[in-house]
Ligand code: HEC
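Quick look at the structure:
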């Protein structure tokens, strides 16, 4: 038996004091299925901090061990706990979301236009309903999905969400971490947020397939196919000739100019590996099936949703499909003080992925991955710079470690980045040069998350430099242990309170 297929334990927490607030009917909070203890052969979760640090601080850094560990976490997250194939329910899909945590803390569902059922993670966190509400208002502006010159509708929108592993979510719920008054008290006491070592937090990103986003495409031999088109990441662009105006806009999906297609009628994984460079020539090599993705069939999960304002019931997606395709996911684990950081996105040619991933990273994909999970590329950031600097007292000298997700940070332009520091980097010719970074495609997860704070002088995002744990931000603000969503939960609850007054 392969260890990767071993199903983790379902995790229930029983906390008498909490039960009164829980929106779920049962007497205990169901935190979902935890990470398997050995998600891939030889990869242990959680791994001891000393061991991970020995890879990070090795010179040269032990990237083979880092890649193996990051892929092991992916194998655990995507391990089917129910069903198989594209629509299997996988580990991370059983976890509580940010909206669940807010609902428990406030006793209220987050403000949203639509109220959906609660049978799956997709609905419980208010993700799909919010997205549909946005899509509805877009239509009023006349900005509904439009076909390109070749008659193809290319979808460049995504939905995103945050979810917490069982140990992570139970830490939040049991300590109240995220409630504004709890964060304020920690700040006043000079304390800080601290997740348990086995916590894992994720941020999955989906494309939503509905009828209005499909193109009927007749190919050369007269066959008509129902295609869903979306933008495929072309790799990090060369910034040499970018003007400040261009940098301000970042590198969002609308600039990528290449597509892949999903044929709604194809069954089983395909052998395609191509992309269509101008989004006008669907063909055998760039057409995929849903079985090439991790997906959620929203219709199977929830037949109808109710418009809170009018009380009207609507079938999600009308008579057509309503399928969420996983296109990207951010993943972080608290195994080390500065967390481990890895991000994943769907790639047409997963064995030869674009930057910031690489063929070497892809070659480390472990055997227990499902064929769907193996279709994603990975980029890790286990340190801000190489050589890795200590927790405090280090310096801004070394190679930049770049790791971002095309479907998340690539669209961030210079206005998003508020703190910059100059880094001395090797120039590749044996000498040194200095550099500063201020775009999403130059970011490092650990740098931006290392600034995650509550109160004080507000939220500050950054791209890539060394952030010591005693950085000036924490002179006045609470250190929320790299978890920006804790600050977001606090702000969301504050905003809900302000609305009630
Ligand atoms: C420029 C800043 C920035 C960068 C760079 C960044 N993030 Fe985040 N991240 C955020 C913010 C802000 C949130 C909170 C979003 C929310 O609450 O919905 C977040 C949320 C998350 C979460 C949800 C749990 C948490 O920490 O609150 C994960 C997991 C995550 N990011 C991983 C990553 C990974 C992996 C990378 C790098 C590949 C990355 N992030 C890069 C700003 C950033």
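Numbering (mature numbering (1 follows the signal peptide of the UniProt record, and there is no 0)), first residue to last: -28 to -1, 1 to 473.
Beta carbons: idealized from backbone N, C-alpha and C, even for Gly.
Nothing here was measured: the structure is a model prediction, and the numbers come from that model.
Whether residue i touches residue j by CB criterion (8 Å)
i: residue 154; j: residue 452; result: no
i: residue 350; j: residue 43; result: yes
i: residue 312; j: residue 302; result: no
i: residue 266; j: residue 50; result: yes
i: residue 253; j: residue 235; result: no
i: residue 368; j: residue 454; result: no
i: residue 67; j: residue 136; result: yes
i: residue 426; j: residue 393; result: no
i: residue 128; j: residue 225; result: yes
i: residue 185; j: residue 259; result: no
i: residue 414; j: residue 404; result: no
i: residue 319; j: residue 348; result: yes
i: residue 177; j: residue 130; result: yes
i: residue 450; j: residue 159; result: yes
i: residue 383; j: residue 246; result: no
i: residue 338; j: residue 13; result: yes
i: residue 173; j: residue 134; result: yes
i: residue 122; j: residue 251; result: yes
Sequence-distant residues of its chain with Cβ nearer than 6 Å to residue i (five each side left out)
i: residue 170; result: 18 and 139
i: residue 255; result: none
i: residue 228; result: 203 and 206
i: residue -5; result: Residue placement at residue -5 cannot be trusted, given a pLDDT of 43 that sits under 50; what the coordinates show is reported in the next sentence. Closer than 6 Å at the Cβ level, and outside the excluded window around residue -5, lies no residue.
i: residue 269; result: 59 and 295
i: residue 493; result: Given a span of -28 to 473 for the chain in the structure shown, any question on residue 493 remains unanswerable.
i: residue 193; result: none
With 16 other Cβ atoms within 10 Å as the buried cut-off, status of residue i
i: residue 272; result: exposed
i: residue 457; result: buried
i: residue 364; result: exposed
i: residue 249; result: exposed
i: residue -8; result: Legend: pLDDT at residue -8 = 40, less than 50; position of this residue unreliable, value from coordinates given subsequently. Flag for residue -8 reads exposed.
i: residue 141; result: buried
i: residue 31; result: exposed
i: residue 290; result: exposed
i: residue 151; result: buried
i: residue 213; result: exposed
i: residue 409; result: buried
i: residue 429; result: exposed
i: residue 211; result: exposed
i: residue 119; result: exposed
i: residue 175; result: buried
i: residue 27; result: buried
i: residue 244; result: buried
i: residue 179; result: buried
i: residue 304; result: buried
i: residue 149; result: buried
i: residue 69; result: buried
i: residue 444; result: exposed
i: residue 52; result: buried
Contact set for residue i: own chain, Cβ-Cβ below 7 Å, skip 5 residues either direction
i: residue -14; result: Residue confidence for residue -14 is low, a pLDDT of 38 falling below 50, so the modelled location carries little weight and cannot support an answer.
i: residue 358; result: 33, 370, 371 and 373
i: residue 78; result: 465 and 468
i: residue 48; result: 7, 8, 11, 17 and 63
i: residue 420; result: 433 and 434
i: residue 182; result: 289, 292, 293 and 294
i: residue 109; result: Bear in mind that a pLDDT of 49 at residue 109, under 50, signals an unreliable position, so the model cannot answer this.
i: residue 399; result: 405
Nonlocal neighbours in the same chain, by C-beta distance under 8 Å from residue i, ignoring five residues either side
i: residue 335; result: 323
i: residue 191; result: 197, 254 and 255
i: residue 240; result: 261 and 263
i: residue 216; result: 386
i: residue 21; result: 169, 307, 308 and 309
i: residue 439; result: 356, 418, 419, 422 and 423
i: residue 40; result: 12, 14, 15, 336 and 338
(request) At 3 residues or longer, and completely inside the stretch 109 to 193: list those beta strand (DSSP E) runs for me, N to C. (result) 172 to 182 and 186 to 190
(request) Would you list, in sequence order, the uninterrupted beta strand (DSSP E) runs of no fewer than 3 residues that lie entirely inside the stretch 198 to 255? (result) 231 to 235
(message) In chain order, what are the residue ranges of uninterrupted beta strand (DSSP E) at least 3 long that sit wholly in the stretch 375 to 459?
(response) 395 to 398 and 404 to 407
(request) At 4 residues or longer, and completely inside the stretch 8 to 75: list those alpha helix (DSSP H) runs for me, N to C. (result) 21 to 28 and 35 to 49
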